[in-house]
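Just so we're aligned, residue 1 is where the sequence shown starts under UniProt numbering, counting upward by one.
Ideal Cβ positions, reconstructed from N, Cα and C, are used throughout, including at glycine.
In this text the structure is predicted, and so the values were computed from the model without any measurement.
A short worksheet on the structure shown next.
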Amino acid sequence: MKILVINAGSSSVKYQLYNMKDESVLAKGLVERIGMDSSIVTHKPTGRSEVTEVSEILEHTAAIRKVLGLLTDSEHGVIGSIDEIEAVGHRVVHGGEFFSESALVDGDAKTKIRQLFDLAPLHNPASMMGIKAAEANMPNVPQVVVFDTAFHQTMPEHAYLYAIPRVLYHKHKVRRYGAHGTSHDFVSKAAAEFLNRPIEDLKIISCHIGNGASITAVKDGHSIDTSMGMTPLEGLMMGTRSGDLDPAIVPYVMNKEDLTVNEVNSMLNKHSGLLAISGISSDMREITDGVAQGDANSTLAFEMYTYRLRKYIGSYAAALNGVDVITFTAGAGENSVVLRKKVCENLTYLGVELDEKLNEIRSGEPRRISSANSKVEVLVIPTNEELVIARDTFRIVQGLES
Ligand code: AMP
């Protein structure tokens, strides 16, 4: 079965075409600047060279039409006809309390995703555009939605509620939902598989450290707490996001600087984090380069970033009453040797002992970076959110057929 995985943003569509026979990627690509003056389409058939085209793509239906055209193109294509695509899987950021697992797209699912627009105003409307665009181009193909929040629906009430008037939860669903669930789910399962141990026996702390960063406590294979909250702003310090801060700062700064709600939102989401402290970049590579060159602001940004990460690991070890495995994934988690070293160096009280040589190996494969004496397994597990979406879509669509 061939499955098209779609990740639609407000002005972009990322895609991967999977052959589920061997879970191989046949092609992947990206349509950017949808609705702007010149859209850019990048298409990469596996094993062949990448093609880039600039054209006018005004909305998502046209973007998907373009993608399908490239997938079936005589020169750059990987399939003979659109009919070979038997299902489409969509990444959706917010599933609220409606979705604790992936679901087939039907009228009910679409109504629920729409009801969540308020909670994810930037993301869910974009996902809906992707769903509608895929339906318009492939009306008879089943579509599945896979949610970033679903894995965290197992969090207990004491972890997901905020200590504010409960009426806000009942009326407006103000609570913690978390994000990166697809990644934390994939990585924790892959960690158990790598160690050849049942996931039910493991206490795992999963660190997803990319542009956005979050950390999850996984017990018996279920998320029991995670650092992102009602929105992806809470928790760790990130590339451009502040992470945790005293909520009283918001009205104080709005008042002092005469900022609007949108402006303060933009400050906390786009102009904070590594970027604000280093004054250089939101990219961990540039920060660690700055540290190596003795730049004081980059060093401070790196110290703050790793300090906060270590504090979260400590608090999740407390939440789990111990920890068997710590995993690192995503851009910086998979690639930054110095970040992992810095985080692990003050976790000796938990029995963490890093093997510096193993930490320096780059392989793109799941691997152990802790020493043989370490009481905690420290692993690097490359994440693969698209594959989870493809697998969930495959499972749900197969269920339809049987
Ligand atoms: P992601 O959001 O998972 O794509 O991660 C993107 C981020 O990973 C980038 O902004 C970088 O900060 C970080 N990153 C990628 N490669 C490296 C590297 N070799 N060393 C440090 N950070 C990296």
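Extent of the continuous beta strand (DSSP E) run through residue i
i    : result
Y18  : 13-19
H90  : 85-92
F194 : Per DSSP, F194 belongs to no beta strand (DSSP E); it is in the alpha helix (DSSP H), 181-195.
V146 : 143-147
Inter-residue Cα distance where the pair is residue i and residue j
i           : j    : result
E356        : G235 : 28 Å
K66         : V105 : 22 Å
S315        : F394 : 37 Å
N262        : E56  : 30 Å
E385        : M228 : 18 Å
L30         : P366 : 26 Å
H60         : T111 : 19 Å
G96         : G351 : 37 Å
V338        : K203 : 25 Å
Y160        : E53  : 45 Å
A301        : T288 : 10 Å
S374        : K341 : 14 Å
D108        : L358 : 49 Å
L309        : V343 : 7 Å
E377        : L17  : 34 Å
residue 423 : R33  : The structure shown has nothing for residue 423, since the chain only spans 1 to 402.
Below-9 Å beta-carbon distance, residue i vs any chain C residue
i    : result
V264 : Among the protein chains of the structure shown there is no chain C, as only one such chain exists.
Residue i CB to nearest heavy atom of ligand 1 below 8 Å
i           : result
D283        : yes
A292        : no
S336        : yes
residue 404 : What is shown of the chain runs 1 to 402, which leaves residue 404 out entirely.
G273        : no
N359        : no
A330        : yes
G212        : yes
L30         : no
L309        : no
T288        : yes
G235        : no
L339        : yes
For residue i, the first and last residue of its enclosing alpha helix (DSSP H)
i    : result
L358 : 356-360
H222 : Run containing H222: none in the alpha helix (DSSP H); it sits in the beta strand (DSSP E), 222-226.
S266 : 261-270
I204 : No alpha helix (DSSP H) holds I204; the beta strand (DSSP E) holding it covers 203-209.
H43  : Per DSSP, H43 belongs to no alpha helix (DSSP H); it is in the beta strand (DSSP E), 39-45.
* Asked: Would you call the segment 214-233 and the segment 248-258 in contact, with 3 or more CB pairs under 8 Å?
  -> Flag = no, the segment 214-233 and the segment 248-258 do not touch.
* Asked: How do the segment 18-36 and the segment 100-113 stand: do at least 3 beta-carbon pairs fall below 8 Å, yes or no?
  -> Contact between the segment 18-36 and the segment 100-113 is absent, because fewer than three Cβ pairs lie under 8 Å.
* Do the segment 113-120 and the segment 154-163 make contact, defined as three or more Cβ pairs closer than 8 Å? -> With a cut-off of 8 Å, the segment 154-163 and the segment 113-120 do not count as touching, because too few Cβ pairs lie within range.
* Asked: Does the pairing of the segment 323-336 with the segment 374-383 give three or more beta-carbon distances under 8 Å?
  -> Enough Cβ pairs lie closer than 8 Å, so yes.
* Do three or more CB pairs link the segment 85-95 to the segment 2-15 at distances below 8 Å? -> Enough Cβ pairs lie closer than 8 Å, so yes.
* **At least 3 beta-carbon pairs within less than 8 Å: the segment 125-132 vs the segment 170-187** => With the cut-off at 8 Å, the segment 125-132 and the segment 170-187 do not touch.
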